[in-house]
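Protein chains in written order, with my numbering: chain A, 1 to 257; chain B, 1001 to 1014. C-beta: ideal position from N, C-alpha, C; glycine also. Nothing here was measured: the structure is a model prediction, and the numbers come from that model.
This is the structure:
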């Protein structure tokens, strides 16, 4: 039996909206540690890893670990019916083939419930090793989204290079070339405007812009995004889900043929 | 020329 009551139900909508275009269906694994999701896009170039910890929930009961396979488009349809401030409660039986979502308005004057059909999904789980990253950049999520959008209008791939001077995003295409450099800024008046660069050694990697742009759909989740890079390894793009968990995206770099 | 490897080429299948 699963029962999970999330006061900030709007958070769930933001998570699903952030990933539904990248991954069409996924298993949501539920255990005593909370909700976890790991899924790759159809081309197996990028991966989503999400964890919503059980202590994020006002009430959390999970008698037996279970895997709930869902169409994320259908899940998004259901969650669209929830108000942004609604309290969301998920309920499922151990051997059931449905999950029920209950939405309560903050004033408790409206209650609705939706039953979503579950499906069997074969998914491959990747073991992601703990990595000591050469460069970790924490920047405003809106700035990251803007850079991805601006550079996408010029080119298809971006070189992200982190040096002691800052982090440079470079692209080129038929129009010409574009460079955006983000420098460390820890003295901004507002904390949400700060950029922190932790550099152990310089690193430069090339990525397909369309995936990085897709990750920016998570912008409403957090004021900041963290890019973690190491030579010849996938970049990790992380959005914190407040103090309740995280949404991470991994993207394989392009390499010289 | 650049090629786009999959994630499996970096991470192992668990």
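From the DSSP output, in three-state form, read off residue i for me.
| i | result |
| --- | --- |
| residue 133 of chain A | coil |
| residue 81 of chain A | coil |
| residue 93 of chain A | coil |
| residue 1009 of chain B | helix |
| residue 198 of chain A | strand |
| residue 113 of chain A | strand |
| residue 219 of chain A | helix |
| residue 127 of chain A | strand |
Thinking C-beta only, is residue j closer than 8 angstroms to residue i?
| i | j | result |
| --- | --- | --- |
| residue 34 of chain A | residue 18 of chain A | no |
| residue 20 of chain A | residue 72 of chain A | yes |
| residue 255 of chain A | residue 1011 of chain B | no |
| residue 167 of chain A | residue 76 of chain A | no |
| residue 46 of chain A | residue 136 of chain A | no |
| residue 226 of chain A | residue 131 of chain A | no |
Nearest-angstrom Cα distance between residue i and residue j?
| i | j | result |
| --- | --- | --- |
| residue 218 of chain A | residue 14 of chain A | 7 angstroms |
| residue 40 of chain A | residue 249 of chain A | 9 angstroms |
| residue 24 of chain A | residue 97 of chain A | 19 angstroms |
| residue 235 of chain A | residue 107 of chain A | 43 angstroms |
| residue 84 of chain A | residue 11 of chain A | 8 angstroms |
| residue 109 of chain A | residue 1004 of chain B | 52 angstroms |
Is it buried or exposed for residue i, if we count other Cβ within 10 angstroms and need 16 for buried?
| i | result |
| --- | --- |
| residue 183 of chain A | exposed |
| residue 238 of chain A | buried |
| residue 104 of chain A | buried |
| residue 93 of chain A | exposed |
Can you find the residues in the same chain that come closer than 8 angstroms, C-beta to C-beta, to residue i, ignoring five residues on each side of it along the sequence?
| i | result |
| --- | --- |
| residue 209 of chain A | 148, 151, 152, 155, 156, 157, 158 and 171 |
| residue 193 of chain A | 140 and 185 |
| residue 231 of chain A | 134, 203 and 205 |
Who are the Cβ neighbours of residue i in its own chain at under 7 angstroms, not counting the five residues just before and after it?
| i | result |
| --- | --- |
| residue 101 of chain A | 78, 88, 90, 113, 114 and 116 |
| residue 32 of chain A | 54 and 62 |
| residue 7 of chain A | 58 and 87 |
| residue 142 of chain A | 219 |
| residue 207 of chain A | 157, 158, 160, 235, 251, 253 and 254 |
Whose C-beta lies closer than 6 angstroms to the C-beta of residue i among residues of the same chain, with five residues either side of it excluded?
| i | result |
| --- | --- |
| residue 180 of chain A | 147 and 169 |
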